[in-house]
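Below: the structure, in C-alpha cells.
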Amino acid sequence: MRLNKAFLLIAFLFLSVSGIAQQSAAYTHELADFNRALELYNNQQYLAAQNLFDEVMDETEDEKIKGDCAYYIANAAVRLNQPGADRLMERFVTRYPTSTKTNTAYIDVADYYFETGKYSLARKWYDKVDENSMSRKDRERYYFNNGYAYFRANQYDQAKTYLERVRDSQEYGSQAKYYIGYMAYEGDDYEEANENFEQVKDNDRYSENLSYFQADMNFKLGNFEEAIKLGKEQLPNSTRIEQSELNKIIGESYFNLQQYEEAIPYLKEYRGMRGKWNNTDYYQLGYAYYKQGDYEKAVSEFNKIVDGKNAVAQNAYYNLAQSYLNLDKKQEALNAFKNASEMDFDAKIKEDAHLNYAKLSYEIGNSYESPSQVLITFLETYPESEAKPEVETLLIDSFITSKNYEEAMRLLENNRNFSDKQAYQKVAYYYGLELYEEGDYQEAIKNFEKALSEPRNPKITAQSTYWKAESEFSINRIDDAIIGYREFSGMSAAQGTPEMENLDYNLGYAYFKKNEYARAADYFKKYSSDNSKDSARRNDALLRLGDSYFVTSQYWPAMEAYNKAIDNNVSNSDYAAFQKAISYGFVGRNETKIEELNSFVNRYSRSSYRDDALYELGNTYVAMNNTSQAIQAYDRLIRDVSGSSFVPKAMLRKALIYYNSDQGEKALTDLKRIVNDYPNTPEAMQAVSTARMVYVDLGRTDEYANWVRNVDFVEVTDADLDNTTYEAAENQYFNNNNERAISGFEKYLQSFPNGIHSINANFYLAQLYYRQGSKDKSERHYEFVVNKPKNEFTEQSLARLSEIKLGKSQYNEAVPLLERLEKEASSEENRIYAQSNLMKSYDELNRPDLAASYAEKVLGNSQADTRAKTDAQLIVARSAIKNGDEARAKAAYAEVQKNATGELAAEALYYDAYFKHKAGNYEASNAAVQILAKDFSGYKRWGAKGLVLMGKNFYQLDDAYQATYILENVINNFENYPDIVQEARTELSRIKAEEAKTNSSVETNN
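Per UniProt numbering, the very first residue in the sequence shown carries number 1; after that it's consecutive.
Structural data, given as C-alpha cells:
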C-alpha cells in the first residue's frame, strides 16, 4: 500500500511539474515574441513590430501583455500615420483603463505629433494628459510643447498661459521668453516684448531675429534713428525675406525723418508682401522722388497707385498732379487734381486740388463736364476763397473758349450771383452765330437781340446788328434786314470788320428781292467794281447786276454786266450767256440773238438753261417767220430735254404753227398729247381751247364734243369763275398780303380742287405756309404739285418737300423725292442739294454703300460747296469704318477735319486720335483727345469715346493711374452711352487684373 501511495504521489508530483513546465515554456515563448516586437518598435521598425505585437496579443491570455500590445500597436499606427490610429489609441484607453501606460500613451502620442510638426493633433492629445501624474521634467516639456503648439496656432492667450509656467525653466526658459516676447511684439506691446527679448539677447540662437524685431519695434515706437541703426546692423546677417523687411524699416524711417535722399535706395529694395507692393509703398517712394525734384520718377511711382481711397491716396494724387504740372503734362495733372478734389480726408488739399482742377479745365478743356460748370461749382463750394476774383475772370472767358454757348447762356441766365453784362453780350452774340450757322434763324434773332440789349462792346454790338439783319433776310423779313444793314453801315465799330466787306452785296440782294432793281443795281455795281472782293461772290454780283438792268429794260448795260461775268469764266457763266442772248432780242437784234442761242446750245450741252435756250430759240424763229427752224428747235427741246417744263409749251407752239399753216391734223396730234400728258396745266387748258378751234375749222365739232367730254381735269363751263377766283388770290399773293392770299387760295382750291390753276394755287399756298413756319400745313400742298406731271414748280416743290421730310427724320419718304430732284433739277444747286441729302439719308438708313456712292458724286461735283464736300468726306469715312477699310477712313476723316465745325469736327478729331492710337503714337493721340476736350466739350459722346481712347493710351505709356482713373470716370459719368461705358468697363477690368499682379491694393472686382 505504501508503495502504491508513494508511486501515486510521485506520479502526481511528476504530472504537476510537467504541467507547470509546459505553462512556463508557453509564457517564455510569448515574452520572447513580445520582447522581440518591443525591440523592433524601439528600432523604429513600426510595421514589423505592429504585426508581431498583434500576433502576441492574439496568442496571450495575459491581460497585462494584451494591454501593452494594444498600446504599442496603437503607437505604431500613429507613427505610421495609419488611418484609424486615433481610434486604436482610444480603444486602448477604453479597454485598459487601469493600464499604467494610459497617461504615457497620451504624452507619447502628443510628443510624437509635436516632434513631427502636427501641432493641432499634438494639442488634442496634450489636452487628455493628467499633468499631476507626470514627473517634473515631463511636466516642463508638456507645458512648453503645449504652449508652443498654441503659439503655432496663433492662439496667443492659451500659448502664453503654458509658456509662462516654464519661463524660469533651465531647459525651456529661453525659448519660452522668446516666444512670449514675440507674442507681445505681434500684439504691439513693445515694452513687454523688449523686456523678454533683453533676457535672451545673448543666446546665439535668437540674437539674429531679435535684431530684426527690435529694429521694427523702434520704428513702430517712432525711434527712427535707433531703428535705422539696428536695421543696418542686422542687414548683413539676415535672410532674403528679412532683408526686404529691414530695407522697408530703414527706408521708411529715413522717410519719416524727411531724409528722402537716404530713404530712396532702401525703399527701392523692399520686395513687398508676397512679392507685391501696396499703394502706401508706391506713395512713399514716389513722394521721396517728388521731394528730391525728380518728377519723372515720382510720377512713375505715384501712377501705380490704383484704387486708392484713403488719406495716403489723396495726398499721393495731389503730389502726382503737382509732379505732372512740373513736367508740363496738364491733362494728366487735371485728372489727378480731380481725383484728389473728390476725397474728403484733408480739407486743405481738397480745396487746393479743386482750384487747380478748375483752372486746368479752363486752360486745356474738360471731357467730364464743361469748364464753365467746374468754375461755377468751385465758386459755389468755396465762396470765401481768396482765389474767387481769379476764378470769376476765368469763368467769363470759359464761356467763349468752350464754344458751348447754349450751356453758357443757360448758366448766365440761371445764375443770379453772376452779373457780368459784358460776358452776357459776348455769349449771346456767339450763340446767335452758332444758331445762324445751323439755320435756326428765329432763335438766332432772339440771341442777337439779347446781345443788343446789353451794348457793352461796340464791335460786338455792330456785329450783332449785322447778323440779326442776315437772319431776318434768311426768313424773308427784307425790310427789317435793310434797316439792320443800314444801321450797321453807320456804326464806327463796323469799319474794318469782315462783315463790312460784303455789306453792299447783301444790300443789293435785299433790294433785288424787294423788286427795287434800280437801287439793287447801284449796290451790285459798287460791289462788283472792286476787284479785291471774293471772286465767286463778285461774279454773282455781276449776274445780279445784269438781272437788275435786264428787269428794268436796260439791256445794253445788262449785256455788259453779263459779258464781265462770262469773262470771269467761273460757275454760272451759262446763265450769263443765256441772259445775254435773250437781251439781244429786246434791242431788236434777233439775228444776233439766234447766233448766241445756237452757240449757247452747242457750248453748254449740260447746262440747266439748255431747255430755256431751245424754247427761246424756237420762239425767236417764229418771230422771224422761220417756222421750219422753229419746229426743229422745239423738236430738239422735246427730244433732248424731255423732262423740262418747257416741253408742253413747245408742243403748244408747234401746234399753233401747224394750225396757222392749215395743218390741222398735225396740230391736233400735239394738242391731244399736251392734254393727255400734262393735265391741270395752263398749256393743257390752252390746248383744249385751240383744239376746239381746229375741230371747228375742220367741221368736226361732234368729234370735239366726244373728245372733250373725257377731259376731266377742268370744268370747261366754270372756266371764267375759275380764272376770276384764282386771280383774286394771286393778286394778294404778289402784293405780299399773305393772310388774304392764304384765304383766297384756300377758297379757290375748295371750289376748284382740280381747277385750271390748281398747281399754281397749291404751290403758292405751300410757300405761304412754309414762310409762316407752318411746315405741316405746307406739306400736302407741295405733295399735290410734285404728284402732277412736271411743271414749273416741280423742282422747287421737290426741294421743299424733301427738306420737310428730312426735318422730321422721315428718310424713307425723303429718298424718292430726292432721287426725283436729282434727275429733274434744272439747277445745279438743287442737284447738289439732292445728292448731299441722299448720301445723308442713306447713312441714316444704315445703307453705307449707297451713302458712299452719293458722297462720291458730291465730291466729284466742282460746284459743290465746302460744307457739302465736308459732309461727303464724312459719309465716305463712316462707310469705310463700317466696311473695315481704315486706310480710306483715315484719309477721308483727314479731309473732314480741314473744314468741319461743331459735331462733325468733334467726330473727325476723335478719329484722328483713334488712328494715332492704332499706329502706336499714344502721346500724339492724347494730344488730339485734349483738343477734343477743350474745343468740343459740348459733344459728350465723342468726348466719352475720346476718354476711353485716352485711358488705353495712358496704359500703353505705363501710366496705370491715369488709365484706371479716366476709365472709372467714363463709367460713372456717361451712363447715357451704355456701349461706351461697357467698352470702358472691359478695358478697366483688363488693366486692373494686370496691375493686381504687382499691387496688392488693387481690387479686381468691377
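We put the beta carbon where it would ideally sit given N, CA and C, even for glycine.
What did DSSP end up calling MET273 once you bin it into helix, strand or coil?
Stepping through the sequence shown from its first residue, residue 273 is reached at position 273. Strand at MET273.
Could you tell me which residues DSSP puts in a beta bridge with ASN999?
The sequence position of residue 999 within the sequence shown is 999, counting from 1. ASN999 pairs with TRP277.
Please classify GLY281 as buried or exposed, where buried requires at least 16 neighbouring CB atoms within 10 angstroms.
Along the sequence shown, read from residue 1 onward, the residue named residue 281 stands at position 281. Rather than Gly, the amino acid found at residue 281 in this sequence is Asp. ASP281 should be labelled buried.
Report the three-state DSSP secondary structure of GLU975 (helix, strand or coil).
Indexing the sequence shown from 1 puts residue 975 at position 975. The answer is coil: DSSP assigns GLU975 none of H, G, I, E or B.
Shortest alpha-carbon distance to LYS790 belongs to which of SER645, GLY938, VAL948, VAL166?
On the sequence shown, position 790 is the one that residue 790 refers to. Nearest option by C-alpha distance: SER645.
With burial defined as no fewer than 16 other Cβ atoms inside 10 Å of the residue's Cβ, what is the status of ALA444: buried or exposed?
Here residue 444 refers to the residue found at position 444 when the sequence shown is read from its first residue. Buried, by the Cβ-count rule.
Just to confirm my understanding: we take PHE219, look at its own chain, exclude 5 residues before and 5 after, and list those with CB closer than 6 Å. What are they?
Here residue 219 corresponds to residue number 219 of the sequence shown, with the count starting at 1. For PHE219, where only same-chain residues beyond five positions count, the Cβ hits under 6 Å are ALA227, ILE249, SER253.
Confirm the yes/no value for this check: CB of ILE875, any heavy atom of the ligand ADP, distance under 7 Å.
As for the ligand ADP, it is missing from this structure, which has no ligand bound.
What is the C-beta distance between ARG800 and TYR782, in whole angstroms, given that I count them as a contact (C-beta under 8 Å)?
Counted from its first residue, the sequence shown places residue 800 at position 800. Counted from its first residue, the sequence shown places residue 782 at position 782. Their Cβ separation, rounded to whole angstroms, is 5 Å, which keeps ARG800 and TYR782 in contact under 8 Å.
Pick helix, strand or coil for THR870, following the three-state DSSP scheme.
Looking up residue 870 in the sequence shown gives position 870. In the structure shown, THR870 sits in a helix (DSSP, three-state: H, G or I).
DSSP three-state label for THR986, please.
Counting from one through the sequence shown, the residue named residue 986 turns up at place 986. Looking at THR986 - three-state DSSP - the assignment turns out to be helix.
Express the C-alpha separation of TYR96 and GLU61 in angstroms, rounding to a whole number.
Sequence index remark: in the sequence shown, residue 61 carries index 61 (1-based). Sequence index remark: in the sequence shown, residue 96 carries index 96 (1-based). Between GLU61 and TYR96, the C-alpha separation is close to 14 Å.
Considering only their Cβ atoms, is the gap separating LYS945 from TYR893 smaller than 8 Å?
Position 893 of the sequence shown holds residue 893. Position 945 of the sequence shown holds residue 945. In this structure, LYS945 does not lie closer than 8 Å to TYR893 by Cβ.
Where does ILE991 sit, in a helix, a strand or coil, going by DSSP?
For this step, residue 991 is matched to residue 991 along the sequence shown. In this structure, ILE991 counts as helix in the three-state DSSP scheme.
LEU798: which of ASP776, LYS808, GLU822, ASP420 sits nearest, CA to CA?
Here residue 798 is taken as the residue at index 798 of the sequence shown, counted from 1. Comparing Cα-Cα distances from LEU798 to each of ASP776, LYS808, GLU822, ASP420, the minimum goes to GLU822.
Counting only the same chain and skipping the five closest in sequence on each side, list residues whose C-beta sits under 8 Å from that of SER661.
Working through the sequence shown from its first residue, we reach residue 661 at position 661. The answer, listed in chain order, is THR627.
Cβ atoms of ALA613 and PHE578: under 8 Å apart, would you say?
The residue labelled residue 578 in the question sits at position 578 within the sequence shown. The residue labelled residue 613 in the question sits at position 613 within the sequence shown. Against a cut-off of 8 Å, the Cβ pair of ALA613 and PHE578 comes out as a contact.
What number of angstroms, rounded off, separates the C-alpha of ARG606 from the C-alpha of SER548?
The sequence position of residue 606 within the sequence shown is 606, counting from 1. The sequence position of residue 548 within the sequence shown is 548, counting from 1. Spanning the two alpha carbons is a distance of roughly 26 Å.
Below 8 Å on the Cβ atoms is my guess for ALA581 versus LYS564; work out the distance and round it to an integer in Å.
Mapped onto the sequence shown, residue 581 falls at position 581. Mapped onto the sequence shown, residue 564 falls at position 564. No, ALA581 and LYS564 are not in contact; Cβ-Cβ is about 16 Å, not under 8 Å.
Would you check if the distance between the CB atom of GLN234 and the CB atom of TYR260 is smaller than 8 Å?
For the purposes of this step, residue 234 is taken as the residue at position 234 of the sequence shown. For the purposes of this step, residue 260 is taken as the residue at position 260 of the sequence shown. In this structure, TYR260 does not lie closer than 8 Å to GLN234 by Cβ.
Please report the distance separating the alpha-carbon of TYR112 from that of ALA193.
As a first step, residue 112 must be located in the sequence shown, where it is residue number 112. As a first step, residue 193 must be located in the sequence shown, where it is residue number 193. Taking the straight line from one Cα to the other gives about 31 Å.
ALA493: which of MET559, LYS459, ASN81, ASN247 sits nearest, CA to CA?
Taking the first residue of the sequence shown as 1, we reach residue 493 at position 493. Residue LYS459 is the option with its Cα nearest to ALA493.
Three Cβ pairs or more, each shorter than 8 Å: is that satisfied between the stretch 854 to 865 and the stretch 820 to 840?
Using a Cβ-Cβ distance cut-off of 8 Å, the stretch 854 to 865 and the stretch 820 to 840 are in contact, since at least three pairs of beta carbons, one from each stretch, lie closer than that value.
Would DSSP call THR102 helix, strand or coil?
By one-based count along the sequence shown, residue 102 stands at place 102. If DSSP states are grouped into helix, strand and coil, THR102 belongs with the helices.
Do TYR431 and GLU406 have their beta-carbon atoms positioned less than 8 Å apart in this structure?
Here the question's residue 406 lines up with position 406 in the sequence shown. Here the question's residue 431 lines up with position 431 in the sequence shown. Yes, these two residues count as a Cβ contact at 8 Å.
Quick one: grab the DSSP three-state call for TYR96.
The residue you call residue 96 lines up with position 96 of the sequence shown. TYR96 falls in the coil class under three-state DSSP.
At what residue ranges does the stretch 686 to 771 contain a whole run of the alpha helix (DSSP H), taking only runs of 4 or more?
Complete alpha helix (DSSP H) runs here, min 4: 701 to 709, 719 to 734, 738 to 751.
Quick one: what does DSSP say GLN23 is sitting in, helix, strand or coil?
As a first step, residue 23 is located in the sequence shown; it is residue number 23 there, counting from the start. Confidence at GLN23 is low in this model, with a pLDDT of 46, below 50, so its placement is unreliable and the value that follows should be read with caution. Of the three classes helix, strand and coil, the one that applies to GLN23 here is helix, per DSSP.
Within 10 angstroms of the Cβ of THR620, are there 16 or more other Cβ atoms? Answer buried if so, exposed if not.
Within the sequence shown, residue 620 is the residue found at index 620, counting from 1. When all chains shown are included, THR620 counts as buried.
Got a sec? Which residues, its chain only, sit under 8 Å from ASN145 by beta carbon, not counting five neighbours each side?
As a position in the sequence shown, residue 145 is number 145, starting the count at 1. So the qualifying residues of the chain are ALA110, ASP111, PHE114, ALA122, TYR126.
If we count the other Cβ atoms within 10 Å of its Cβ and call it buried at 16 or more, is SER774 buried or exposed?
Here the question's residue 774 lines up with position 774 in the sequence shown. Under the 10 Å beta carbon count, SER774 is surrounded by fewer than 16 other beta carbons and is classified as exposed.
So, LYS898 versus ASP871, is the Cβ gap smaller than 8 Å?
Start at 1 with the first residue of the sequence shown, and residue 898 comes out as number 898. Start at 1 with the first residue of the sequence shown, and residue 871 comes out as number 871. Result no, Cβ atoms of LYS898 and ASP871 do not sit closer than 8 Å.
Is it a yes or a no for the stretch 344 to 364 touching the stretch 376 to 391, going by three-plus beta-carbon pairs under 8 Å?
yes
Do GLU351 and TYR382 come within 8 Å of each other at the CB atom, strictly closer than that value?
Counted from its first residue, the sequence shown places residue 382 at position 382. Counted from its first residue, the sequence shown places residue 351 at position 351. Cβ atoms of TYR382 and GLU351: closer than 8 Å.
Answer with buried or exposed for ARG653, where buried requires no fewer than 16 other C-beta atoms within 10 angstroms of its C-beta.
Your numbering for residue 653 matches position 653 in the sequence shown. ARG653 is buried by the Cβ-count criterion.
Identify, in the order they occur along the chain, each residue of the same chain with its Cβ nearer than 6 Å to the Cβ of GLU1003, setting aside the five sequence neighbours on each side.
Here residue 1003 refers to the residue found at position 1003 of the sequence shown. Here the set comprises ASP307.
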